[in-house]
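To start, the structure under review is shown below, and the notes come after it.
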Amino acid sequence: MAERPYIVGNWKMNGTRSMLSEARAIDRASQRLMKVEVALAPPFTLIHAVHKEVQQIGVGAQDCHHMEDGAFTGDVSAAMVLDAGAKFVILGHSERRQNHGETDALVKAKAETALGAGLRIILCCGESEELRDAGNAENFVTSQLKASLPEIAANAAEVLTIAYEPIWAIGTGRTPTAEDIGSMHRAIRSLAVDLFGEESGGAVRILYGGSVKPDNTLELLAADEVGGALVGGASLTAESFLGIVLAAADLPD
Ligand code: PEP
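1252 is the number that this note's numbering gives to position 122 of the sequence shown; each next residue is one higher, with no gaps.
Structure, rendered in structure tokens:
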């Protein structure tokens, strides 16, 4: 793993201000674990509060609208999350694709708007169990990425992270084998190089997500081309999230 491992917690629709103590504890411990880059994506309502509480870790949002502003009741723009303290936004998570009907084209439009506003993006991709069983996982994920990734004129590695999250592994306790993760990440790397060039595409971080826990972190992150993890359930307490961060700190340089 060339870069520092990047460990991002996605709190999803969890957290009120009572959870700020978890963010503080994660931040404090991360100050002593500089071998790992740590970030949290709390719900919109906590972005500003988490941003005010932490010094070391990155803070991001879990979504943003594809338009810059306007009559979109209940929606939140890229400029708004940036103003609240977010530096990045997670886009194209399978829960948004499934529960909100987000298409590849919409994810791409959101990505372009977010980059235009000055946010970095973590763009998610991943196959269903049926596609995996049918042997179509790599074809599906690379096509999904081709249709969802924005065009990036500058250095893609500075603004883009890709998260491979097989849908069947999210929140289920099941994970792909390290070989399957490595093979998918190599396919994603090769696509990134095709799209963004050898240097930039070769340096884009590719995270694995799906049932990452403290006790499987080392094995999952040691897989080929894995640059870190996107963590859902296990990011909700400082104890379990820091278990993952500590394991990532043990990876060989
Ligand atoms: C996620 O939803 O991004 C995720 C990886 O969830 P979990 O870690 O709970 O599987």
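Just so it is clear, CB atoms sit at the ideal spot from N, CA and C, and this is done for glycine as well.
| Asked | Found |
| --- | --- |
| So, is THR1347 buried or exposed, given that buried needs 16 or more other C-beta atoms within 10 angstroms? | buried |
| Mind checking MET1149: buried by the 16 CB within 10 Å criterion, or exposed? | buried |
| Would you be able to state if there are at least three C-beta pairs under 8 Å between the region 1360 to 1375 and the region 1324 to 1334? | no |
| I think SER1258 touches ILE1220, with their Cβ atoms under 8 Å apart; what is that distance to the nearest whole Å? | So it is not a contact: roughly 19 Å between Cβ atoms. |
| Distance, Cα to Cα, ALA1379 vs THR1305? | 21 Å |
| In three-state terms, what does DSSP make of ALA1284? | coil |
| DSSP three-state call for GLU1133: helix, strand or coil? | coil |
| When the distance is taken between beta carbons, is SER1365 closer than 8 Å to ILE1300? | no |
| Got a sec? Which residues, its chain only, sit under 8 Å from ASN1144 by beta carbon, not counting five neighbours each side? | PRO1173, LEU1366 |
| Tell me whether ASN1140, by its Cβ, gets closer than 7 Å to a heavy atom of the ligand PEP. | yes |
| In angstroms, rounded to a whole number, what distance separates the CA positions of MET1131 and ALA1201? | With a pLDDT of 45 at MET1131, under the threshold of 50, the modelled position of that residue is not reliable, and the figure given next carries that caveat. So the two alpha carbons sit approximately 44 Å from each other. |
| Could you check the C-alpha separation between ARG1162 and ALA1286 for me, to the nearest Å? | 29 Å |
| Is ILE1300 near the ligand PEP, judged by its Cβ being under 7 Å from some heavy atom? | yes |
| What beta strand (DSSP E) runs, 3 residues minimum, are completely inside the region 1166 to 1251? | 1167 to 1171, 1188 to 1191, 1218 to 1221 |
| Just the C-alpha distance for GLY1139 and LEU1279, rounded to the nearest angstrom, thanks. | 22 Å |
| At the level of alpha carbons, what is the spacing between VAL1189 and LYS1217? | 6 Å |
| By the three-class DSSP mapping on this structure, what secondary structure does LEU1261 have? | helix |
| Use the C-beta contact count for GLN1192: other C-beta atoms within 10 angstroms, 16 or more gives buried, fewer gives exposed. | buried |
| Just grab the DSSP bridge partners of THR1291 for me. | ILE1252, ARG1335 |
| Nearest to GLY1312 by CA position, among ASP1354, ILE1282, TYR1136, GLY1327, is which residue? | ASP1354 |
| Check this for me: beta carbons of ALA1214 and THR1243, under 8 Å apart or not? | no |
| What are the start and end residues of the beta strand (DSSP E) that includes VAL1361? | 1358 to 1361 |
| Using a 10 Å radius around the Cβ and a threshold of 16 neighbouring Cβ atoms, would you call ASP1383 buried or exposed? | exposed |
| Would you tell me roughly how many angstroms separate the C-alpha atoms of ILE1252 and ASP1234, rounded to the nearest one? | 14 Å |
| Would you identify the three-state DSSP class for GLY1373, choosing helix, strand or coil? | helix |
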